[in-house]
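A.B. asks: This structure is in structure tokens; I'll ask about it shortly.
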Amino acid sequence: MALTSSMNWGINLLISLTFLTVTELIGLSWVCFIYTIMSLASLAFVIVFIPETKGCSLEQISMELAKQKYGKSPLCWVSQRREKLVLVELAKREKEQLY
Numbered sequence: 001m002a003l004t005s006s007m008n009w010g011i012n013l014l015i016s017l018t019f020l021t022v023t024e025l026i027g028l029s030w031v032c033f034i035y036t037i038m039s040l041a042s043l044a045f046v047i048v049f050i051p052e053t054k055g056c057s058l059e060q061i062s063m064e065l066a067k068q069k070y071g072k073s074p075l076c077w078v079s080q081r082r083e084k085l086v087l088v089e090l091a092k093r094e095k096e097q098l099y
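Be aware that the sequence shown starts at 1, since it is given in the numbering used here, and climbs by one per residue.
Here you go:
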């Protein structure tokens, strides 16, 4: 959530600082067209990569996110950590079912 908020503030700042200059250079209609293309690209990203979480429990969301594989490089430490947490959660559930 903090990363998303920071990105939102950063992009809003970038747009605020460049809007008038870019509008003078290429015109208002082209600026709006560029922003429309960026918005559609963002929408496509959300539709393809972000799973629906409405009506799901936190555990179901964690399991769904852990199933997705986006890469195994050391830069993807968040997904690797998430996989470990899911494995620990699965082990706990199996242990509870045995008793």
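No residue lacks a Cβ here, since even glycine has one placed at the ideal position from N, Cα and C.
Report back the beta-carbon spacing between residue 52 and residue 89 to the nearest angstrom; my notes put them in contact at under 8 Å.
C.D. replies: Position 52 of the sequence shown, counted from the start, is the residue given in the question as residue 52. Position 89 of the sequence shown, counted from the start, is the residue given in the question as residue 89. The pair is not a contact, with the Cβ atoms about 21 Å apart (cut-off 8 Å).
A.B. asks: Beta-carbon within less than 7 Å of residue 22's beta-carbon, same chain only, minus the 5 sequence neighbours each way: which residues are those?
C.D. replies: As a first step, residue 22 must be located in the sequence shown, where it is residue number 22. Answer for residue 22: 31, listed in chain order.
A.B. asks: In three-state DSSP terms, what is residue 53?
C.D. replies: Counting from 1 along the sequence shown, the entry for residue 53 is found at position 53. Looking at residue 53 - three-state DSSP - the assignment turns out to be coil, as it is neither helix nor strand.
A.B. asks: Where do the ends of the alpha helix (DSSP H) carrying residue 27 lie?
C.D. replies: Position 27 of the sequence shown, counting from 1, holds the residue named residue 27. Premise fails: residue 27 is in no alpha helix (DSSP H) and is neither H nor E.
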